[in-house]
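First residue of the sequence shown? That's 446 in my numbering, and the numbers climb one at a time after it.
All C-beta atoms in this analysis are idealised placements derived from N, C-alpha and C, irrespective of residue type, glycine included.
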Amino acid sequence: MTDLAQCLTADHSTDRASDDDWQASLSKACALVAPVWPLDQWIAVNPFWGLREQPAPRVDNLLRQRRGITMLMPQAFYREAWEGGRISRDDLLASLQEAGISDDPDLFCDRLYRPERVENQPGYSLLDILPAAVEGGRPMVAVIDQIARICGAFFDTRQARWSTRCDEVSLFDFWLEAVSTDVSLDHRTGIRGVRRWFKTLPADRMEATRQAIRTLAIDADALEAFGHGLLMRIPGWAAWCSGIDWRAGLRGESSGVCEQLLSILLVWEWAAFHHANPEQKNVAVNRRRALAQASPKAGPNWLWVWQRAFEIGYQRSLWQVVGDDEGSGHGDSAISERPDVQAVFCIDVRSEIMRRHLEEVHPGIQTIGFAGFFGLPIVHLKHGPYRPMEKLPGLLAPAFRAIDTHGSNDSDAALNRALDQREMTRESVRKAKYGSLSTFTLVETTGLAWAWKLVKDSLNLAARKKKADNQRMATGRLVYLHGGYPLFETTKVQLVAGFLRGMALTNNFAPLLVFTGHGTHTENNPHHAGLACGACGGQNGGMNARLAAQLFNDPQVRVALAEEGISIPGDSWAVAAEHCTVTDEVTLFDCDSLPGSHGPALADLERRFAEAGNLTRRERATALKLNGFNDKKLHQMVRSRTSDWTEVRPEWGLANNAAIIFAKRARTRGKNLGGRVFLHDYDPEQDGNGDILAALLSAPMIVANWINMQYFGSVTMLDVHGAGNKLLHSVVGGNIGVIEGNGTDLRIGLPLQSVHDGTYWRHEPVRLTVLIDAPADRIETVIRQNPDVEALVANQWVWLCRLTAEGVELYSNGSWQAC
């Protein structure tokens, strides 16, 4: 009896999954898919987040089995790193020793020069096995294309003008209606009669899914692996659905959209099974069984030794810089008592360069690293018909609203009416443009009107207006998210005490404190948010900085803080600023709120920011291919990139990020970390119970891991977790995402132009090194108390190290080892 016959004739009353079992398996399969955010809120996400409970090399095996892809670079990449000295023999020996491999290192070198093995796409789905359709390609290609188009139509609530979607319809119902009425379905998939077969399906998703699983005879254990493999065939829309579920969970709601997508894929598999012959069914059964029985616990790909050697090479250079006493000390004596200025920057790697040069030109300044949303979990409600914009990390849910105001209800209402009217006019034009009767006439009639926009963009007038608008920013009024009531004094005190303790600033306040957010300014860039502040939800950080300064300056808050042991001198005042990461200009806000006595210090600070900006631009010039210009011309060149709609690389963002350091700035001050390190201030002496460290490892470290692995996956798995060529991008649904060329699946991750300059990779794919200045037992306690942190550390998604008096120690397999 064949495997298929055994599978279909056996009594499945005991081995078929019960309803609870298969529903749990579907949920587990969907949980393996990392979420993504809309383009206007784009934040970096670890694409392997759902797999963090397994060791990274094991996940690599799993992905090769289920999708035919690897997490690693081609062996040619490591061969080039070896030949160029980026990987030294000592690095290779250390990697072999760490892996417990006693083989001759020369054998590993020889393997680098053997022909590369090409990974094949696994064919465990019947849609990969059935004959090719008339238009070429297996039915799976046509099916994924069909599902992706349905997703594009279903989720588009903004861009489409002739919508066919009803808001009460689920994704599954919408898809079922589409396949039942698609007269070209048989032809495109090559499955004759499949449309007619879909008309016989149960209308209820759960019943259709149940019948599909029973017909395919997939048990609960195999269903998770098979379901995850199917979702990996449409990774973009699977990640989008997972993102909808994630954000619903933050609001305390249930969603299950990703499970609907998986049901669609399973029903398509059922359709293929119904139309396959016995031989094809038997092949599919055997391959699914092999997929379920395949053990990802097998030994790691030998290239992991080279990957680890590549990472050890970076770590050696980092230890050398951090341990170099000669490189430190810019103005240490000047800030040992009371600094002239304290400037709080986001931990973003781009801030490291600006902070280093600012300390160089202003020895009396103390720079501090802290998450760029400044501990304020807010949504920002602007004037006009705009939805609230979340300005906080994607791991958190908002608790407050910041509402724009110009000082009076009457002026706010008048501005809202004007902006509403302008949007109504624009919407009328849009409807006329896409109306069925305006096919040609409106284009000729309004075409010249667009000429003025071209002129404005070419002359940089729009950018100038945007800068002028920034100077007239409305004041943010902070209220509770639910109810809209102004914040109680106790809440304000908790917020200020929280971010001051989080940045280890509870005494020795300078006369002038600057909360410096960061952001970006680009044109014609769908991934604009990816260059802004990830801690602010892919938005510029100026608003959060302004709110932090307002709270710090509140007299009643200061009185209450003193009772909690945080005494702010009467002459200490705060202002807000925003660092543009394209131009390295720093703009100060709300300076008129400062006492006149602080005028000279503020003017001096502006000069120092300008000087530091010049030095920062010089350091970045090589990577931007702008060497050879004087300071004035270089400034003009980078500023032009903010409004150049043809510029595909306005800046390099967080490319080449590699480490995060939790320590007092004195440990790294004056040391050139190359713009590769996230810097978060941490004073172990102020954290006896470890609560602050627990918060840092469970939030900023995880955010840094998301950023690091987003860049990692966009380089090593650019066809799956990279967004492709941005010159071929088309935006879907207004802000859902992008597709590339004539593709239909969403392209997630970073565009190729964000990690590659056309000749060389601008991002080295290394896992994040986490370096902490804290006692070993405190770090271990935090790891044990936080499951996500423990998973990342134990499964080698990050490398956790600590600073000691003798050097650096690595935490591995539950113990500390000298590096």
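- In the DSSP assignment, no residue is bridged to Ile663.
- Taking 8 Å as the cut-off, the Cβ atoms of Pro502 and Val1165 do not count as close.
- Restricting attention to Leu860, Phe599 and Tyr1256, the CA atom closest to the CA of Lys827 is found in Leu860.
- The straight-line gap separating the alpha-carbon atoms of Ser856 and Gln1001 is approximately 28 Å.
- In the structure shown, the three-state DSSP call for His807 is coil.
- If you draw a straight line from the Cα of Gly1044 to the Cα of Tyr925, it comes to about 34 Å.
- C-alpha of Arg633 to C-alpha of Asn722: approximately 20 Å in a straight line.
- Put simply, the backbone Cα of Pro822 is about 44 Å away from that of Ala739.
- Residue burial annotation: Gly1041 is exposed, with fewer than 16 other C-beta atoms found within 10 angstroms of its C-beta.
- Using a Cβ-Cβ distance cut-off of 8 Å, the region 992–1012 and the region 929–941 are in contact, since at least three pairs of beta carbons, one from each stretch, lie closer than that value.
- By the Cβ test, the region 525–534 is not in contact with the region 1185–1197, since fewer than three Cβ pairs between them sit closer than 8 Å.
- Here Gly928 carries a coil assignment [DSSP, helix/strand/coil].
- Taken in chain order, the complete beta strand (DSSP E) segments of 3 residues or longer contained in the region 1189–1238 are 1213–1217.
- Taking 8 Å as the upper bound for CB-CB distance, Leu1173 and Val1093 are not in contact here, some 11 Å apart.
- Within 10 angstroms of the beta-carbon of Met1162 lie 16 or more other beta-carbons, which makes it buried.
- With fewer than 16 other Cβ atoms inside 10 Å of its own Cβ, Ser1012 counts as exposed.
- Minimum Cα-Cα distance from Gly820 among the listed residues Leu803, Phe960, Asn970 and Asn746 corresponds to Phe960.
- In this structure, DSSP gives His963 an extended state, which the three-state scheme calls strand.
- Taking a contact to require three or more Cβ pairs closer than 8 Å, the region 710–719 and the region 651–662 qualify as touching.
- DSSP places Ser762 in the helix class (H, G or I) of the three-state scheme.
- In the structure shown, the three-state DSSP call for Ala721 is coil.
- Rounded to the nearest angstrom, the gap between the Cα atoms of Val504 and Leu496 is 7 Å.
- Contact check for Pro500 against Ala479 fails: the beta carbons are separated by 8 Å or more.
- Three or more pairs of CB atoms, one per stretch, sit closer than 8 Å, so the region 1204–1216 contacts the region 1236–1248.
- Nearest in C-alpha terms to Gln1262, of all of Ala1221, Ile1228, Ala1236 and Thr1226, is Ala1221.
- About 3 Å separates the beta carbons of Ala974 and Gly983, which is inside the 8 Å limit, making them a contact pair.
- In the same chain as Glu669, and ignoring 5 residues on each side of it, the C-beta atoms closer than 7 Å to its own belong to Ser470, Lys473 and Ala474, in chain order.
- Classified as buried, Arg795 has 16 or more neighbouring CB atoms from the shown chains inside 10 Å of its CB.
- A straight-line Cα-Cα distance of about 25 Å links Asn1150 and Asn1134.
- If you ignore the 5 residues before and after Leu695, its C-beta comes within less than 8 Å of the C-beta of Leu841 and Ala842, all in its own chain and listed in chain order.
- Counted as a single uninterrupted DSSP element, the alpha helix (DSSP H) harbouring Tyr523 occupies residues Gln520 to Glu528.
- Between Pro838 and Phe818, the gap from beta carbon to beta carbon is short of 8 Å.
- Straight through space, the alpha carbons of Ser1175 and Gly568 are spaced by roughly 30 Å.
- Of the residues assessed, Gly1259 falls on the exposed side of the cut-off, its CB having fewer than 16 other CB atoms within 10 angstroms.
- Cβ contact annotation for Pro931 (same chain, cutoff 6 Å, sequence separation greater than five): Val924, in chain order.
- Note on geometry: alpha-carbon atoms of Thr967 and Cys596 lie some 29 Å from one another.
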